[in-house]
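A.B. asks: One structure follows; several queries about it will come next.
Given below as structure tokens:
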């Protein structure tokens, strides 16, 4: 399978990922997250009381890892907190993708985010040595 097609398959066929953030002082934090994908753009929610929220307020740079058996997708990018119509669209996508009830999104602490990748690499470790491929993002 071509690297770009494999990367797209990993993003669209999986729901959990690991999101890595860092505070402004560089202290790292990683968490397993569910997401909804629109191409390589990911949407997710978190609570304003969680460490990742504080990190993203201070430092919008993040990394995402998605793993499926012998394949791994790594993405670096930026995260933006959504509001208004953009937040409503993200909520609708998350409900459709993850099957969560709309009431889940009624918490005052819940925040919606968009992850936009700036770099993508896919690892295909079906043999030895494993093969790494960078995927070019369309501008």
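In my numbering, the protein residues as written are 4 to 142.
Note that CB positions come from ideal geometry on N, CA and C, so glycine has one too.
Between which two residues does the alpha helix (DSSP H) carrying residue 85 extend?
C.D. replies: Along the chain shown, read from residue 1 onward, the residue named residue 85 stands at position 82. Here residue 85 belongs to no alpha helix (DSSP H), and DSSP marks it neither H nor E.
A.B. asks: Distance, Cα to Cα, residue 4 vs residue 26?
C.D. replies: The residue labelled residue 4 in the question sits at position 1 within the chain shown. The residue labelled residue 26 in the question sits at position 23 within the chain shown. About 37 Å.
A.B. asks: Residue 46 by DSSP, collapsed to three states: which one?
C.D. replies: The residue you call residue 46 lines up with position 43 of the chain shown. Correct three-state label for residue 46: strand.
A.B. asks: Since residue 82 and residue 65 should fall inside the 8 Å C-beta cutoff, what is the C-beta to C-beta distance between them, to a whole number of angstroms?
C.D. replies: Residue mapping note: residue 82 aligns to position 79 of the chain shown, counting from 1. Residue mapping note: residue 65 aligns to position 62 of the chain shown, counting from 1. With 8 Å as the limit, residue 82 and residue 65 qualify as a contact, their Cβ atoms being about 5 Å apart.
A.B. asks: Have a look at residue 30 and residue 18 and give me their C-alpha separation to the nearest angstrom.
C.D. replies: Against the chain shown, residue 30 aligns to sequence position 27. Against the chain shown, residue 18 aligns to sequence position 15. Distance from the CA atom of residue 30 to the CA atom of residue 18, rounded to whole angstroms, is 26 Å.
A.B. asks: Give me the Cα-Cα distance between residue 77 and residue 125, rounded to the nearest whole angstrom.
C.D. replies: Against the chain shown, residue 77 aligns to sequence position 74. Against the chain shown, residue 125 aligns to sequence position 122. Distance between the alpha carbons of residue 77 and residue 125: 6 Å.
A.B. asks: Hey, would you say residue 20 sits closer than 9 Å to residue 45, going by beta carbons?
C.D. replies: What you label residue 20 is simply residue 17 of the chain shown in a count that begins at 1. What you label residue 45 is simply residue 42 of the chain shown in a count that begins at 1. Cβ atoms of residue 20 and residue 45: closer than 9 Å.
A.B. asks: Under 9 Å, do residue 39 and residue 97 count as touching if we go by C-beta distance?
C.D. replies: Position 36 of the chain shown, counting from 1, holds the residue named residue 39. Position 94 of the chain shown, counting from 1, holds the residue named residue 97. Yes, Cβ-Cβ distance for residue 39 and residue 97 is below 9 Å.
A.B. asks: Can you tell me whether residue 90 is buried or exposed? The criterion is at least 16 other CB atoms within 10 Å of its CB, across all chains shown.
C.D. replies: To locate residue 90, count along the chain shown from 1; it is residue 87. Its Cβ being crowded by 16 or more others within 10 Å, residue 90 is buried.
A.B. asks: If I'm right that residue 71 touches residue 128 with Cβ under 8 Å, what's the distance once you round it to whole angstroms?
C.D. replies: Position 68 of the chain shown, counted from the first residue, corresponds to residue 71. Position 125 of the chain shown, counted from the first residue, corresponds to residue 128. The C-beta distance from residue 71 to residue 128 rounds to 11 Å, too long to fall under 8 Å, and the pair is not in contact.
A.B. asks: Quick one: what does DSSP say residue 128 is sitting in, helix, strand or coil?
C.D. replies: Counting from one through the chain shown, the residue named residue 128 turns up at place 125. Three-state DSSP puts residue 128 in coil, outside helix and strand.
A.B. asks: Hey, out of 56, 8, 16, 9, whose CA is closest to residue 101's CA?
C.D. replies: Indexing the chain shown from 1 puts residue 101 at position 98. For the residues 56, 8, 16, 9, the minimum Cα distance to residue 101 belongs to 16.
A.B. asks: Distance, Cα to Cα, residue 141 vs residue 122?
C.D. replies: Position 138 of the chain shown, counting from 1, holds the residue named residue 141. Position 119 of the chain shown, counting from 1, holds the residue named residue 122. In a straight line, the C-alpha of residue 141 is about 11 Å away from that of residue 122.
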